[in-house]
Structure formats: structure tokens, C-alpha cells
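In my numbering, the protein residues as written are 28 to 142.
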Amino acid sequence: MNVDDIYNSVAQNMLVNIGRQEWSKAVIEVEYYGDDALKMKGGFHQKNTDFTSFKFRNFDRKIVNDFQQLHEITTENDSNKWNRAVFYLKPTGEFNIDFSWDQELADEIEWLNDE
Numbered sequence: 028m029n030v031d032d033i034y035n036s037v038a039q040n041m042l043v044n045i046g047r048q049e050w051s052k053a054v055i056e057v058e059y060y061g062d063d064a065l066k067m068k069g070g071f072h073q074k075n076t077d078f079t080s081f082k083f084r085n086f087d088r089k090i091v092n093d094f095q096q097l098h099e100i101t102t103e104n105d106s107n108k109w110n111r112a113v114f115y116l117k118p119t120g121e122f123n124i125d126f127s128w129d130q131e132l133a134d135e136i137e138w139l140n141d142e
């Protein structure tokens, strides 16, 4: 699976969970804790600007694997280190993903792993 396949898979999972509702923008925020742990939150803005949170229990479990694979692929050579990602999707199919490094999160994970 390549990066484009992963982006498409995440987008499809979001679309299935939005259903037939009118919406203007959807977002998933990811905190990546390690090889087998991550946290997701997000939802979508309806046309009337109300925000509806995703119920991730209704998502295909594959989305977790998608973000784990994305992390593995994009951090292969340690030049693009990230532990936070935000995936944006518009009804037109336009998407964007922002990766960032949060040192506080990294320190917290390290501290918890040392306990």
C-alpha cells in the first residue's frame, strides 16, 4: 500500500461514517503513540456549521492500520518525524494532511513507557 492508497482509504472511511448528510469539511486528528497505539478524534461540519463528532467505534478498524502504515512510510529515514497528524477532507474530494512533532507528547509517552 502506498501513501495515496492510505489517503484514499482514510477518506472512504470518513465518507461512510458521514453518510448522506450535507457537510462542508471533515477532520481527523491523530496522536501517534507507537507501533500499536494511537488516539483519534474528529468529525465533520454540517452545512449549517454544526459540528458532529465521529463515533470511531463505527469506523472500519482498518483506519488504525492506515495511520500506522502512513507513519511507517513517511518516517522511514527519520527526516519527517511526527507524532501528530490532522487529516482534512472536503466534499469535493480535496484533502490535506498536516504532520507535526509534539515534544511534550513524546516526553509523556517516554515517561509512561519508563514506569
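Every residue gets a Cβ at the ideal spot worked out from N, C-alpha and C, and that includes glycine.
Bear in mind the structure is a predicted one, so any value in this text is a computation, not a measurement.
Notebook entry, point to check: Got a sec? Which residues, its chain only, sit under 7 Å from Phe71 by beta carbon, not counting five neighbours each side?
Noted result: For Phe71, where only same-chain residues beyond five positions count, the Cβ hits under 7 Å are Ile45, Trp50, Lys52, Ala53 and Thr79.
Margin query: Any contact between the stretch 84–91 and the stretch 121–136? By contact I mean 3 or more CB pairs, one from each, below 8 Å.
Written below: Counting C-beta pairs closer than 8 Å gives fewer than three between the stretch 84–91 and the stretch 121–136, which falls short of the contact rule.
Checklist line | Supposed contact pair Ala133 and Asn110 - C-beta distance, whole angstroms, cut 8 Å | finding: Confirmed, about 6 Å.
Margin query: For Ala38 and Asp141, I'd like the C-alpha separation in whole angstroms.
Written below: Whole-angstrom Cα-Cα distance: 36 Å.
Notebook entry, point to check: Which two residues bound the contiguous beta strand (DSSP E) that contains Glu58?
Noted result: Note, Glu58: beta strand (DSSP E), Trp50 to Gly61.
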